[in-house]
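Inspection log for the structure reproduced underneath, given as structure tokens.
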Amino acid sequence: MYFGLSEEQLMIQDSFRRSLERSVNLDSIRTVSATEQFMDAALWQELTELGMPALMISEKYGGAGLGLLEAAVVAEEIGRSAAPVPFIGTSVMAPLALDLAGSEDQKATWLPKLASGKTRIGIAFADRASGVRRGSGVTAEDSILNGKTSFALDMGEAEALIVADAEGNLYLVENAARGLAITYLPTIDGTRTTAEITFHNVEAEKLPQGTPDLLHRIVNAGRIAMAAESYGAADDMLRQAVAYAMDRKQFDRIIGSFQAVKHMCAEMAAELQPCRALIWYAAYAFDAEQDDVTLSALLAKSHMDDIGQMIARTATEVHGGMGYTDLLGLHFWFKRIGFNRAQLGGPEKLRQEAALLQGFG
Amino acid sequence: MDLNDRRDHLAFREEVQRFLRDYKDQAPTESAHTYRLLPRPYSEKVKNWQRLLVERGYAARNVPKAYGGVGAEPDILKNRIIADEFFAAGMPQGLYGQGISMLVPTLLEHGTEDQKLEWIGPTIRGEIMWCQGYSEPNSGSDLASLQTSAAEDGDDFIINGSKIWTSSAHIAPMIFALIRTEPDASKYQGISYMIFPMDLPGIDVRPLQTMTGHPSFNEVFFTDVRVPKTQVVGGRGNGWKVANSTLAHERGMLSNANGSQERLNKIRDLLQKETRDGRLLAENQVLMDRYIGLQARVQSMRLHEMRLLTNAEEGKPPGLQEMICKLVGCELNNQLDALAIDALGEIGVLYDGIPSVEEDGIWQQWYMYDLGLIIGGGTAQIQKNIIAERGLGMPREPRAGKG
Numbered sequence: 009m010y011f012g013l014s015e016e017q018l019m020i021q022d023s024f025r026r027s028l029e030r031s032v033n034l035d036s037i038r039t040v041s042a043t044e045q046f047m048d049a050a051l052w053q054e055l056t057e058l059g060m061p062a063l064m065i066s067e068k069y070g071g072a073g074l075g076l077l078e079a080a081v082v083a084e085e086i087g088r089s090a091a092p093v094p095f096i097g098t099s100v101m102a103p104l105a106l107d108l109a110g111s112e113d114q115k116a117t118w119l120p121k122l123a124s125g126k127t128r129i130g131i132a133f134a135d136r137a138s139g140v141r142r143g144s145g146v147t148a149e150d151s152i153l154n155g156k157t158s159f160a161l162d163m164g165e166a167e168a169l170i171v172a173d174a175e176g177n178l179y180l181v182e183n184a185a186r187g188l189a190i191t192y193l194p195t196i197d198g199t200r201t202t203a204e205i206t207f208h209n210v211e212a213e214k215l216p217q218g219t220p221d222l223l224h225r226i227v228n229a230g231r232i233a234m235a236a237e238s239y240g241a242a243d244d245m246l247r248q249a250v251a252y253a254m255d256r257k258q259f260d261r262i263i264g265s266f267q268a269v270k271h272m273c274a275e276m277a278a279e280l281q282p283c284r285a286l287i288w289y290a291a292y293a294f295d296a297e298q299d300d301v302t303l304s305a306l307l308a309k310s311h312m313d314d315i316g317q318m319i320a321r322t323a324t325e326v327h328g329g330m331g332y333t334d335l336l337g338l339h340f341w342f343k344r345i346g347f348n349r350a351q352l353g354g355p356e357k358l359r360q361e362a363a364l365l366q367g368f369g
Numbered sequence: 038m039d040l041n042d043r044r045d046h047l048a049f050r051e052e053v054q055r056f057l058r059d060y061k062d063q064a065p066t067e068s069a070h071t072y073r074l075l076p077r078p079y080s081e082k083v084k085n086w087q088r089l090l091v092e093r094g095y096a097a098r099n100v101p102k103a104y105g106g107v108g109a110e111p112d113i114l115k116n117r118i119i120a121d122e123f124f125a126a127g128m129p130q131g132l133y134g135q136g137i138s139m140l141v142p143t144l145l146e147h148g149t150e151d152q153k154l155e156w157i158g159p160t161i162r163g164e165i166m167w168c169q170g171y172s173e174p175n176s177g178s179d180l181a182s183l184q185t186s187a188a189e190d191g192d193d194f195i196i197n198g199s200k201i202w203t204s205s206a207h208i209a210p211m212i213f214a215l216i217r218t219e220p221d222a223s224k225y226q227g228i229s230y231m232i233f234p235m236d237l238p239g240i241d242v243r244p245l246q247t248m249t250g251h252p253s254f255n256e257v258f259f260t261d262v263r264v265p266k267t268q269v270v271g272g273r274g275n276g277w278k279v280a281n282s283t284l285a286h287e288r289g290m291l292s293n294a295n296g297s298q299e300r301l302n303k304i305r306d307l308l309q310k311e312t313r314d315g316r317l318l319a320e321n322q323v324l325m326d327r328y329i330g331l332q333a334r335v336q337s338m339r340l341h342e343m344r345l346l347t348n349a350e351e352g353k354p355p356g357l358q359e360m361i362c363k364l365v366g367c368e369l370n371n372q373l374d375a376l377a378i379d380a381l382g383e384i385g386v387l388y389d390g391i392p393s394v395e396e397d398g399i400w401q402q403w404y405m406y407d408l409g410l411i412i413g414g415g416t417a418q419i420q421k422n423i424i425a426e427r428g429l430g431m432p433r434e435p436r437a438g439k440g
């Protein structure tokens with residue numbers, strides 16, 4: 009038994025961490041957050057050179073052929089740096105959808121383009137992953153789509169999107185398709201996009217192998233990666249809180265010498281540490297196609313969502329009034345964690361699914 | 038990441054499984070845990086089972102042959118395989134009282150050859166039960182301030198003072214205790230770790246009723262108790278260092294995800310069996326939300342322990358990841374007990390020996406006992422200091438007294 013990252017995974021972790029530490033700073037996060045920009049294009053280019061979009065695409069199509077555990081390692085680093093780039097929709101879920109459900113033609117058309125970072129594909133699965141809202145729902149007849157869906161991931165400057173209809177079939181639609189309207193929704197988190205999409209007699213390409221089970225597998229991957237991203241963001245908030253507490257002085261003492269502050273930091277560390285094993289195992293279970301992958305994904309994201317919320321709040325409190333201001337930019341991590349919590353199913357929804365899955369209810 | 042057994046581990050796992058099948062009939066129904074809940078002398082069946090486990094190397098397996106063990110090479114994964122297979126089979130594991138879990142590792146590390154030969158064998162076989170004389174009425178979290186002292190008289194020490202929270206002192210024939218033997222030395226350098234019998238003249242044990250209603254702790258009073266100087270372990274004045282190595286063993290002992298998993302499984306059965314208004318408790322979404330939330334925590338601790346095992350096997354020093362286990366594990370168990378009690382409703386407050394009650398009010402007993410563990414073995418607040426100071430590098434609490 010070996011429970012931990014391999015040499016290669018540690019190298020991936022290290023190279024992404026160093027690159028993101030160098031290239032992401034508060035200015036770049038602010039710029040993307042405050043403007044109409046969808047992402048930090050230079051950073052996307054740099055991460056593409058490190059192999060980010062190619063990570064999960066098979067070698068046959070120009071990718072690295074790695075698994076979800078590697079993607080989780082990268083997601084953690086992206087969360088840690090609050091990097092304003094798309095990832096989970098376009099580089100985890102979309103490649104999986106094409107690989108598992110796409111035709112040979114579709115794979116050959118899209119996967120090499122995705123791997124090269126030249127194009128991106130958004131993911132509109134919110135109805136299936138979070139539940140259908142009033143007025144929401146996409147229907148398909150002979151691959152003609154009608155209806156509306158919200159909270160599509162990574163749509164900014166994407167070339168196409170993959171959407172799930174009410175039956176769990178998957179369709180690929182080019183963003184330029186006639187009858188398609190994309191409205192970007194402003195959220196608390198300006199580092200990534202979310203969009204509402206309406207379909208009016210839009211011609212789509214069905215992914216022929218798509219099934220509800222397969223959709224479920226892709227959602228599992230998205231949830232696990234989302235949890236890993238929140239882990240990274242929470243871990244960095246804890247780091248920032250400890251660093252601030254060791255620097256800020258009141259009553260002629262650094263505030264980190266007060267037990268009240270120390271205990272807040274200790275509680276964050278105690279809650280966060282076990283989350284990493286939970287997330288790594290879920291990713292491993294996904295890659296090894298273990299029977300408990302769905303349960304593991306549900307437990308990992310729901311638990312990380314709650315611990316992430318606790319840390320986002322506590323780390324901000326440790327910063328006192330400074331945490332509430334825009335000056336330190338701590339709120340970008342706070343909001344990223346808050347955004348992730350609501351995507352692909354919030355914790356209550358996920359726990360309900362976990363109960364049903366195990367025959368309760 | 039590879040969660041499959043290595044070839045030799047797989048063979049070992051099969052060996053353990055075979056043993057558990059073949060010897061099922063000899064297993065006692067009382068587990069080490071029930072002895073912790075209600076300390077009492079070990080039954081013959083428990084002692085026989087323990088002897089068998091020691092002989093087979095399924096308990097105290099790393100204790101050298103010369104001292105009564107099988108002298109197995111340290112292999113943390115094999116220890117884990119034993120724990121998991123016994124747990125899966127619902128069979129009681131080796132005893133883990135304070136003698137076996139704390140004194141024996143300490144003697145192995147610090148004891149003289151004579152001390153090892155005399156005490157380790159009978160202790161691991163469950164023949165001698167030990168109590169731990171550390172805390173005093175005025176020395177709890179600040180243990181090193183302890184005042185029970187020994188004056189020299191020829192080859193002996195004469196001990197005066199008192200101890201409190203001494204588990205099992207009312208039944209244990211032996212004690213290992215911290216005694217101030219060097220009055221002129223500083224707070225931390227004046228203490229010795231001593232072992233002696235509990236039936237010496239001048240030792241008075243008064244059981245301390247706890248909130249569970251069962252005496253598990255005691256007050257122990259020493260009045261001119263004469264103990265030979267040869268009963269010191271690890272050298273005079275070194276008691277603080279020796280005790281800290283023992284406390285590290287205790288922290289490891291207090292958290293164990295299998296114990297949490299066992300509680301969770303029992304709660305699952307409860308939710309799928311009990312009804313309210315003609316509906317299964319498992320249909321109550323609020324209870325289920327709590328259950329799944331705790332399931333995620335149990336799962337995270339199980340997996341976290343696996344990660345720690347790999348770290349230990351790789352020779353990585355224990356750090357922050359290990360420091361959190363006592364705090365998180367004890368809190369988790371207490372929350373699990375609380376959920377079971379809430380699920381039972383009014384029945385959840387019935388207690389002790391009522392035949393109609395689910396498991397005899399065991400959940401209330403656990404709830405209180407687990408709260409005791411949150412406080413004992415280094416309170417939650419002390420754990421948080423340790424995590425902040427040693428794990429996160431934050432400033433130490435000011436230490437009164439010379440260190």
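Residue numbers (the numbering used here), protein chains in the order written: chain Z, 9 to 369; chain Y, 38 to 440.
C-beta atoms are modelled at their ideal positions from N, C-alpha and C, and glycine is treated no differently.
How far does the beta strand (DSSP E) with residue i in it reach, from first residue to last?
| i | result |
| --- | --- |
| Q169/Y | W167 to G170 |
| Y179/Z | L178 to E182 |
With a threshold of 9 Å between beta carbons, is residue i in contact with chain Z?
| i | result |
| --- | --- |
| P432/Y | yes |
| S337/Y | yes |
| H341/Y | yes |
| R288/Y | Residue confidence is low: R288/Y scores 47 on pLDDT, short of 50, so the model does not pin down where it sits. No coordinate-derived value is stated. |
| R334/Y | yes |
| K421/Y | yes |
Does DSSP put residue i in a helix, in a strand, or in coil?
| i | result |
| --- | --- |
| E44/Z | coil |
| S310/Z | helix |
| E297/Z | coil |
| S393/Y | With a pLDDT of only 49 at S393/Y, under the threshold of 50, the placement of this residue in the model should not be trusted, and no figure is reported. |
| K214/Z | strand |
| R359/Z | helix |
| G415/Y | coil |
| Q351/Z | coil |
| F340/Z | helix |
| Y72/Y | helix |
| A105/Z | helix |
| K156/Z | strand |
| D261/Y | strand |
| F24/Z | helix |
The alpha helix (DSSP H) with residue i in it runs from where to where?
| i | result |
| --- | --- |
| H46/Y | R44 to D59 |
| E84/Z | L76 to S89 |
Exposed or buried, what is residue i when buried is set at 16 or more other beta-carbons lying within 10 Å of its beta-carbon?
| i | result |
| --- | --- |
| H147/Y | buried |
| L55/Z | buried |
| Y332/Z | exposed |
| H341/Y | buried |
| P174/Y | exposed |
| V171/Z | buried |
| F259/Z | exposed |
| I196/Z | exposed |
Counting only the same chain and skipping the five closest in sequence on each side, list residues whose C-beta sits under 7 Å from that of residue i.
| i | result |
| --- | --- |
| F254/Y | W202, T203, S204, L245 and T247 |
| T143/Y | V270, V279, S282 and T283 |
| E78/Z | Q17, I20 and L63 |
Comparing the C-beta of residue i with each C-beta of chain Y, is any distance below 9 Å?
| i | result |
| --- | --- |
| I262/Z | yes |
| V146/Z | no |
| V301/Z | no |
| Y179/Z | no |
| W341/Z | no |
Cutting at 6 Å between CB atoms, please list the residues of its own chain near residue i, excluding the five before and the five after it.
| i | result |
| --- | --- |
| M405/Y | M248 and T249 |
| A349/Y | I113 |
| A72/Z | G59, A62 and L63 |
Considering only residues of the same chain and omitting the five flanking positions on each side of residue i, which have a CB-CB separation below 8 Å?
| i | result |
| --- | --- |
| Q184/Y | E173, N175, S176, G198 and R217 |
| R162/Y | K84, Q87, R88, V91 and G105 |
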